[in-house]
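**Q** Can you read through this structure? Questions will come right after.
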Ligand SMILES: [Zn+2]
């Protein structure tokens, strides 16, 4: 049994075969899939898909850092807040800072990230954090906002061993995905530095496809490939990887 803690199944890359993709994943033991929101364009497709597969798919509420723009962020945040009041969500996500695509709005990204961390505390929800070329910025703000009950996952953990230990000691989990299957990736070192108790599995589908399908569309059915790699690196069985990471995800996201 596995949980894909980060997948964008509602994106158009899956329009032609959503049902098959979900069934294939379920048949391989991926018993539940968490859907992080992106921005105002994704609420509709995400929520209708989640409603259609309410036993398998669980949505998050949040504004993605690459969608934080001066003209629209206030309206976008209001929408996140409105959805949080009315709906059921397993987390605030995905939120964070992305300096890979654009550094222009760093200050605004920091402000919106901080605001969404505060929303998480207010609604007693964990966070799914997107960190891209921004570990130090994310960590600085997270540390300032940290309270004992603020928990979450660093999605697609990008840091080194020291940062991995730092994050896990603060009670946060590392999201381990396709990158762990790439030769000599930093993620392998981060994983073995903290161990299985501090990780969850994720695909980030349709992106970041694991080996041997790198370059093609990613999907939740590839979670067992990631689990196999993790099992090899930690020298335990795939079943143990499934059992422990599923338990970690169930506890963090309070899943049924
Ligand atoms: Zn994502």
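Residue numbers (our numbering): -6 to 249. Using N, Cα and C, we set each Cβ at its ideal position, and we do this for glycine too. In this text the structure is predicted, and so the values were computed from the model without any measurement.
Please indicate yes or no: does the CB of residue -1 lie closer than 8 Å to some heavy atom of ligand 1?
**A** Checking every heavy atom of ligand 1 against the Cβ of residue -1, one is found closer than 8 Å.
**Q** Candidates 8, 16, 6 and 223: which alpha carbon is nearest residue 193's?
**A** Residue 193 has its Cα closest to that of 223, out of 8, 16, 6 and 223.
**Q** Helix, strand or coil for residue 125? Go by DSSP, reduced to three states.
**A** In the structure shown, residue 125 sits in a strand (DSSP, three-state: E or B).
**Q** Is it right to say residue 27 is buried, meaning 16 or more other beta carbons lie within 10 angstroms of its own, or is it exposed?
**A** Looking at its Cβ environment, which holds 16 or more other Cβ atoms inside 10 Å, residue 27 is buried.
**Q** Since I believe residue -1 is in contact with residue 121 (beta carbons under 8 Å), could you give me their beta-carbon distance rounded to a whole number of angstroms?
**A** Right, the Cβ-Cβ distance comes to about 6 Å (below 8 Å), so this counts as a contact.
**Q** Is residue 40 closer than 9 Å to residue 52 when the C-beta atoms are compared?
**A** Yes, Cβ-Cβ distance for residue 52 and residue 40 is below 9 Å.
**Q** Cα separation between residue 153 and residue 202?
**A** Residue 153 and residue 202: Cα-Cα distance of roughly 21 Å.
**Q** Would you say residue 87 touches ligand 1, meaning its beta carbon is less than 8 Å from a heavy atom?
**A** Answer for residue 87: yes, Cβ within range of ligand 1.
**Q** Say the cut is 8 Å; is the CB of residue 29 nearer than that to a heavy atom of ligand 1?
**A** It does: the Cβ of residue 29 is within 8 Å (strictly closer) of some heavy atom of ligand 1.
**Q** What do you reckon, are the CB atoms on residue 43 and residue 76 nearer than 9 Å?
**A** Cβ distance not < 9 Å, so residue 43 and residue 76 don't count as in contact.
**Q** Of all the options 25, 108 and 8, which has the alpha carbon lying nearest to the alpha carbon of residue 213?
**A** With distances taken between Cα atoms, residue 213 lies closest to 25.
**Q** Mapping DSSP to helix, strand and coil, what is residue 204?
**A** Residue state, collapsed to three classes: coil.
**Q** Residues in the same chain with beta-carbon distance under 7 Å from residue 239, minus the five sequence neighbours each way, listed in chain order, please.
**A** Correct list, in chain order: -6, -5 and -4.
**Q** Considering only the alpha carbon of each residue, which of 248, 169, 84 and 101 lies closest to residue 114?
**A** Of the listed residues, the one whose Cα sits closest to residue 114 is 84.
**Q** Counting along the chain, where does the alpha helix (DSSP H) carrying residue 26 start and finish?
**A** Note, residue 26: premise wrong, no alpha helix (DSSP H); beta strand (DSSP E) at 23 to 28.
**Q** Give me the residue from 15, 206, 211 and 189 with the minimum Cα distance to residue 235.
**A** Looking at the Cα atoms, 189 is the closest of the given residues.
**Q** Quick check on this structure: which residue in 5, 185, 13 and 148 has the alpha carbon closest to the alpha carbon of residue 86?
**A** Checking every option, the nearest Cα to that of residue 86 belongs to 148.
**Q** Quick one: Cα of residue 159 to Cα of residue 165, how far?
**A** Rounded to whole angstroms, residue 159 to residue 165 spans 9 Å at the Cα level.
**Q** Return the CA-CA distance between residue 173 and residue 221, expressed in angstroms with no decimal places.
**A** Taking the straight line joining both Cα atoms gives about 10 Å.
**Q** Would you mind reading off the limits of the beta strand (DSSP E) that contains residue 51?
**A** Taken as a continuous stretch (DSSP letters only), the beta strand (DSSP E) holding residue 51 covers 50 to 52.
**Q** Are there any heavy atoms of ligand 1 lying less than 8 Å away from the beta-carbon of residue 51, as far as the coordinates show?
**A** No.
**Q** Using beta-carbon positions only, say whether residue 151 and residue 125 come within less than 9 Å of one another.
**A** Cβ atoms of residue 151 and residue 125: closer than 9 Å.
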